[in-house]
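**Student:**
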Amino acid sequence: MSHILVTGSNGFLGSALVRCLAERGAGRLRCLVRPGSDRSRLEQTVAHFGDAIDIVRGTLTRPADCEAAVDGVDVVYHLAAAPSGAPADMFFNTVVGTRNLLDAIAARAAAGHRVKLVFCSSLSVYGVADLPAGAVVDESTPLEPHPERRDVYAHTKLRQEQLCWDYQTRHGFPMVVLRPGVIYGPGGGAISARVGLELFGVFLHLGRDTVLPLTYVDNCAEAFAIAGDDDRAVGRVFNVIDDDLPTARAFLRAYRKCVRRVPVVSLPYAATRWMSRAVEWYADWSGGQLPAVFTPYKTASMWKGNRFDNGRLKALGWRPRVATADGMRRHFDALAAAAGVAGRS
Numbered sequence: 070m071s072h073i074l075v076t077g078s079n080g081f082l083g084s085a086l087v088r089c090l091a092e093r094g095a096g097r098l099r100c101l102v103r104p105g106s107d108r109s110r111l112e113q114t115v116a117h118f119g120d121a122i123d124i125v126r127g128t129l130t131r132p133a134d135c136e137a138a139v140d141g142v143d144v145v146y147h148l149a150a151a152p153s154g155a156p157a158d159m160f161f162n163t164v165v166g167t168r169n170l171l172d173a174i175a176a177r178a179a180a181g182h183r184v185k186l187v188f189c190s191s192l193s194v195y196g197v198a199d200l201p202a203g204a205v206v207d208e209s210t211p212l213e214p215h216p217e218r219r220d221v222y223a224h225t226k227l228r229q230e231q232l233c234w235d236y237q238t239r240h241g242f243p244m245v246v247l248r249p250g251v252i253y254g255p256g257g258g259a260i261s262a263r264v265g266l267e268l269f270g271v272f273l274h275l276g277r278d279t280v281l282p283l284t285y286v287d288n289c290a291e292a293f294a295i296a297g298d299d300d301r302a303v304g305r306v307f308n309v310i311d312d313d314l315p316t317a318r319a320f321l322r323a324y325r326k327c328v329r330r331v332p333v334v335s336l337p338y339a340a341t342r343w344m345s346r347a348v349e350w351y352a353d354w355s356g357g358q359l360p361a362v363f364t365p366y367k368t369a370s371m372w373k374g375n376r377f378d379n380g381r382l383k384a385l386g387w388r389p390r391v392a393t394a395d396g397m398r399r400h401f402d403a404l405a406a407a408a409g410v411a412g413r414s
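Residue numbers (the working numbering): 70 to 414.
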């Protein structure tokens with residue numbers, strides 16, 4: 070029987086992965102949970118599969134906790150990362166925490182214990198700013214050359230993945246990397262920034278005809294379970310996105326119909342580029358009085374419009390069990406219920 074550690078196990082994707090692994094009978098599961106963190110997403114799964122799941126309290130920022138968590142396991146699904154917060158905190162919790170975990174895995178490898186790492190990266194690590202609109206991004210696309218010009222999340226995820234590859238090269242443990250797109254579903258965020266941004270009660274619709282790289286949370290979790298259990302996946306990278314994906318325009322239209330009719334200002338890509346140049350110029354001219362929230366580089370990376378390929382993952386036998394139309398309906402129904410709105414899907 071495999072012994073499996075899941076970091077980030079009480080998060081949106083992590084809790085879905087724990088449930089998926091338990092349903093597949095993957096082995097004995099060890100869930101690393103920070104002291105005082107919300108365990109509500111895990112509770113139902115633990116109640117149903119209690120004997121197969123152990124909850125251990127600890128934090129990746131403490132090396133001793135990482136050593137204890139890794140002790141005796143065969144596979145580590147590393148999903149933990151800070152999605153938001155102050156830049157210094159995000160780097161500390163994501164990158165330093167990952168380094169501590171990798172040190173523990175490397176120590177196990179040095180002692181002759183083979184531990185497979187299945188790492189959750191992100192599509193945001195790709196360098197897409199200079200690609201033409203509509204270009205297809207697959208696993209051979211170069212990584213972001215200027216992470217400092219992107220948002221903090223993209224920067225930390227790239228550094229986190231690079232750190233994993235560095236340790237894998239030096240210590241030789243087996244590793245699989247998955248790069249999910251926008252993970253959505255009940256319990257997830259309402260609208261991705263790839264659709265646009267809500268400012269002062271008005272939604273700036275920036276994505277327009279961009280195809281959203283969505284993956285329903287249960288589909289994404291199954292991708293991790295399949296890749297983590299297939300020896301053909303070792304040493305490889307996999308994009309995780311579903312099929313039959315909507316445009317940002319279609320997603321926002323459905324959101325407004327089913328959840329909330331937020332006022333919308335729709336900006337063509339050319340107008341967004343012009344606005345980003347103006348914001349960048351004023352930020353420089355004013356000495357940072359107005360932060361450069363929009364820059365031409367960020368705009369090209371987020372809203373120019375690329376398509377992402379999932380063929381390599383399908384070659385392992387993965388297929389999205391939840392169709393995008395069904396996933397969007399579940400997502401919007403959950404948002405409407407949380408807002409006290411009768412579902413209109």
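The C-beta atom is built at its ideal place from N, Cα and C for all residues, glycine as well.
Please state whether the Cβ-Cβ distance between Tyr146 and Val184 is less than 9 Å.
**Tutor:** no
**Student:** Mind checking who Met244 pairs with in its DSSP beta bridge?
**Tutor:** Leu186, per the DSSP bridge assignment.
**Student:** Does the beta-carbon of Pro282 have 16 or more other beta-carbons within 10 angstroms, so that it is buried, or is it exposed?
**Tutor:** With 16 or more Cβ atoms within 10 Å of its Cβ, Pro282 is classed as buried.
**Student:** Per the contact definition of three or more C-beta pairs closer than 8 Å, is the stretch 318-335 in contact with the stretch 257-273?
**Tutor:** yes
**Student:** Residue ranges of each beta strand (DSSP E) run of no fewer than 3 residues wholly in the stretch 112-182, ordered along the chain?
**Tutor:** 122-126, 144-147
**Student:** With a threshold of 6 Å on Cβ separation, who are the neighbours of Gly304 within its own chain once the five nearest residues in sequence on each side are excluded?
**Tutor:** none
**Student:** Along the alpha helix (DSSP H) that carries Phe415, what are the first and last residues, could you check?
**Tutor:** The question about residue 415 has no answer here: the residues shown for the chain are numbered 70 through 414.
**Student:** Can you say whether Leu212 is buried or exposed, counting buried as having 16 or more other CB atoms within 10 angstroms of its CB?
**Tutor:** exposed
**Student:** Whose C-alpha, out of Ala407, Trp387, Ile73, is nearest the C-alpha of Arg301?
**Tutor:** By alpha-carbon distance to Arg301, the top candidate from Ala407, Trp387, Ile73 is Trp387.
**Student:** Under 9 Å between the Cβ atoms of Ala290 and Leu111?
**Tutor:** no
**Student:** Identify every residue that forms a DSSP beta bridge with Asn308.
**Tutor:** Arg248
**Student:** Just mark Gly181 as buried or exposed, buried being the case when its beta carbon has 16 or more other beta carbons within 10 Å.
**Tutor:** exposed
**Student:** Could you tell me whether the stretch 158-170 touches the stretch 329-340, using the rule of 3 or more Cβ pairs below 8 Å?
**Tutor:** no
**Student:** Bridge partners of His72, per DSSP?
**Tutor:** Arg97
**Student:** Mind the definition here: the stretch 189-209 touches the stretch 237-254 only if three or more C-beta pairs lie below 8 Å; say whether that holds.
**Tutor:** yes
**Student:** Once DSSP output is grouped into helix, strand and coil, what is the label at Arg457?
**Tutor:** Residue 457 is absent from the model: the chain starts at 70 and stops at 414.
**Student:** For the alpha helix (DSSP H) that contains Val303, what are its first and last residues?
**Tutor:** That residue, Val303, is in no alpha helix (DSSP H); it is neither H nor E in DSSP.
**Student:** Which same chain residues, not among the five before or five after Gly412, have their C-beta less than 8 Å away from its C-beta?
**Tutor:** At Gly412 the pLDDT is 47, less than 50, meaning the model places this residue with poor confidence; the figure from the coordinates comes in the next sentence. Within the same chain, Gly412 has close Cβ partners Cys327, Phe401, Asp402, Ala405, Ala406.
**Student:** What's the gap between the Cα of Asp107 and the Cα of Ala151?
**Tutor:** 15 Å
**Student:** Pull the bridge partners of Tyr253 from the DSSP assignment, please.
**Tutor:** Tyr285
**Student:** How is the beta strand (DSSP E) around Val334 delimited, first residue to last?
**Tutor:** 333-335
**Student:** In this structure, how does DSSP classify Val205 when only helix, strand and coil are distinguished?
**Tutor:** strand
**Student:** If I follow the unbroken beta strand (DSSP E) through Gly265, where does it start and stop?
**Tutor:** 265-268
**Student:** Relative to the C-alpha of Leu382, which residue among Ala294, Trp234, Phe307 is closest?
**Tutor:** Phe307
**Student:** Between which residues of its own chain and Pro315 is the CB-CB distance below 8 Å, once the five residues before and five after are set aside?
**Tutor:** Val280, Leu281, Leu283, Ala323, Thr393, Met397
**Student:** Which runs of the alpha helix (DSSP H) spanning at least 4 residues fall entirely within the stretch 314-355, listed in chain order?
**Tutor:** 317-327, 338-354
**Student:** By DSSP's criteria, Val280 is part of a beta bridge. Which residues make up the other side?
**Tutor:** Thr316
**Student:** Do Phe363 and Tyr345 come within 9 Å of each other at the CB atom, strictly closer than that value?
**Tutor:** Correcting the residue identity first, residue 345 is Ser in this sequence and not Tyr. Cβ distance < 9 Å, so Ser345 and Phe363 count as in contact.
**Student:** Relative to the alpha-carbon of Asp287, which residue among Pro214, Arg390, Val165 has its alpha-carbon at the smallest distance?
**Tutor:** Arg390
**Student:** Got a sec? Which residues, its chain only, sit under 7 Å from Gly96 by beta carbon, not counting five neighbours each side?
**Tutor:** Met70, Ser71, His72, Ile73
**Student:** Count the CB pairs spanning the stretch 86-103 and the stretch 113-125 that are closer than 8 Å, and state whether there are at least three.
**Tutor:** Contact holds between the stretch 86-103 and the stretch 113-125, because three or more Cβ pairs, one in each stretch, are under 8 Å apart.
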